[in-house]
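For the sequence shown, our numbering begins at 633 and goes up steadily by one.
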Amino acid sequence: MRIKKIKLINFRNYKNQTIDLNDGLNVLVGENAQGKTNLIEAIYFSCIGKSPRTKKENELINWQAENAKIEIELEKKEGSKLIEVFLNKKGKKNIKINGINILRIGELIGTLNCVFFAPDELKLVKDSPQDRRRFMDIDLSQLSKNYFYLINTYNKILAERNKLLKDTKSFDTLKQTIYIWDKQLADVGSKIIIRRIRFLNALKVYANKTHQELTSNKENLELFYEGIVEKTTEEIKQKLLKEYEINLEKDFRLGFTNIGPHRDDISILTNGIDVKSFGSQGQQRTVALSLKLAELEIFASERGEYPILLLDDVLSELDDERKNKLLNKTKTVQTLITTTNFNYKQKANILKVKEGTITSQKE
Ligand SMILES: Nc1ncnc2c1ncn2[C@@H]1O[C@H](COP(=O)(O)OP(=O)(O)O)[C@@H](O)[C@H]1O
Ligand SMILES: [Mg+2]
């Protein structure tokens, strides 16, 4: 897929800006604090209905305005799409696809697909399991609306179960009432887990291939799902139910559910060693890049077209070989890169960003 046109009205420091994008590489060049990331943020928002950097959507509206709008013209295999996002200071969010209001964010997801890479994404191989779960959940949601609904349902049931764990005073009463939630939670939870396992199995093939190329065959990359791993959804469900039973006393004591997909993780190994704990900064960066490039391939294989690649400030973080590898990919994938200076040989649509205004310098 490709974005043809973006229009921003009162979004962050943009008053009224329209830009056309090229097929391959589009480079946003400018000093710090000019609006480069703001544009990437607008695209990402149109992709999953959320900002990658804030939960406070008021912040997205220009300080001097009451409303903001993002408009994206998209060309996909299945035809063209127009995404319009309306935000207002009172916290109202309204989204239209091809002129029709959507009722749930789930209807937006999958319309515009993005792979987003920013220095913060290093968290993926470094920090908390939460970031790795989010990584799987965002990709799987983009690949299937049904997964997005599963996650939402799961979170609702989990909140109910946790409420019961907190509110119930006696363990005996709990034992008699909790099963209502256990069945539902295991049912949805097992569907989530099986999809995550399949996703990682597909991802690891692409990720390892890229990783070997990036490390001149010196490193082998492996990914494993950390949680209940069984062959079928039913087996996972039964195992979850058993684990709820074993952990009930602990859950009761702590007041929340300790077992399930909301606690799972991904193990990432290079040459058999856990890269989260023992990898150098450089190794972790390379792994993150391998994972990002693998995401592109998963989308291409499952959806029949590449997503949009968003690279915010990552060029300066990579050495020349990795940079070239990444830039090479932009020949086939529409890419937006932000940087303070761009001096590579690649053919690119250069967009200068200054104080919320973008000027095109076609080369
Ligand atoms: N709601 C807003 N209204 C007006 N300006 C904003 C708003 N939010 C952020 N900004 C401005 O946007 C600029 C930061 O833009 P950003 O895209 O993050 O910069 P960079 O070009 O370094 O990526 C800052 O100057 C900030 O003051
Ligand atoms: Mg920035």
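For each residue, glycine too, the CB sits at the ideal point set by N, CA and C.
Of the heavy atoms belonging to ligand 1, at least one sits nearer than 7 Å to the Cβ of glycine 667.
Contact annotation, leucine 853 with isoleucine 675: C-beta distance approximately 28 Å; criterion of less than 8 Å not satisfied. Counting other Cβ atoms within 10 Å of its Cβ, leucine 735 stays below 16 and is therefore classed as exposed.
According to DSSP, alanine 700 shares a beta bridge with Leu719. Asparagine 981 places its beta carbon 8 Å or farther from that of asparagine 670. Here valine 861 carries a coil assignment [DSSP, helix/strand/coil].
Between the segment 875-887 and the segment 728-748 there are fewer than three C-beta pairs closer than 8 Å, too few to call the two in contact. Between ligand 1 and the CB of isoleucine 737, the shortest heavy atom gap is not smaller than 7 Å. The continuous alpha helix (DSSP H) containing valine 837 extends over residues 811-846. Here the segment 969-980 does not lie against the segment 700-714, with fewer than 3 beta-carbon pairs under 8 Å apart. For ligand 1, a non-hydrogen atom lies closer than 7 Å to the CB of asparagine 694. Under the three-state reduction of DSSP, glycine 914 is assigned to helix. The way I'd put it, the segment 931-947 does touch the segment 733-752; three or more beta-carbon pairs between them come closer than 8 Å. In this structure the segment 834-842 touches the segment 927-938; the number of beta carbon pairs closer than 8 Å is three or more. Look at aspartate 771 here: in three-state DSSP terms it is helix.
By the Cβ neighbour-count rule, asparagine 903 is exposed, with fewer than 16 other Cβ atoms within 10 Å of its own. Boundaries of the alpha helix (DSSP H) harbouring phenylalanine 884: 880-886, taken from the DSSP string. The Cβ atoms of isoleucine 940 and glutamine 978 do not sit closer than 8 Å to each other.
For threonine 743, DSSP records no beta bridge to any residue. DSSP places tyrosine 976 in the coil class of the three-state scheme, outside both helix and strand. Each residue's CA atom was taken as its position, placing alanine 932 and leucine 923 some 14 Å apart. For leucine 901, same chain residues with a beta-carbon under 6 Å away, outside a window of 5 residues either side, are Glu854 in chain order. Per DSSP, aspartate 652 is one residue of the beta strand (DSSP E) stretching across 646-652. Excluding five sequence positions before and after threonine 918, the CB atoms of its chain that fall closer than 6 Å to its own CB belong to Leu846, given in chain order. Going by DSSP, leucine 671 is part of the alpha helix (DSSP H) stretching over 668-680. With a beta-carbon spacing of about 5 Å, serine 899 and phenylalanine 856 fall inside the 8 Å limit used to define contacts.
In this structure, leucine 719 lies near asparagine 699, with their beta-carbon atoms less than 8 Å apart. Judged by DSSP secondary structure, arginine 634 falls within the beta strand (DSSP E) whose first and last residues are 634-643. In the structure shown, the three-state DSSP call for glutamate 987 is coil.
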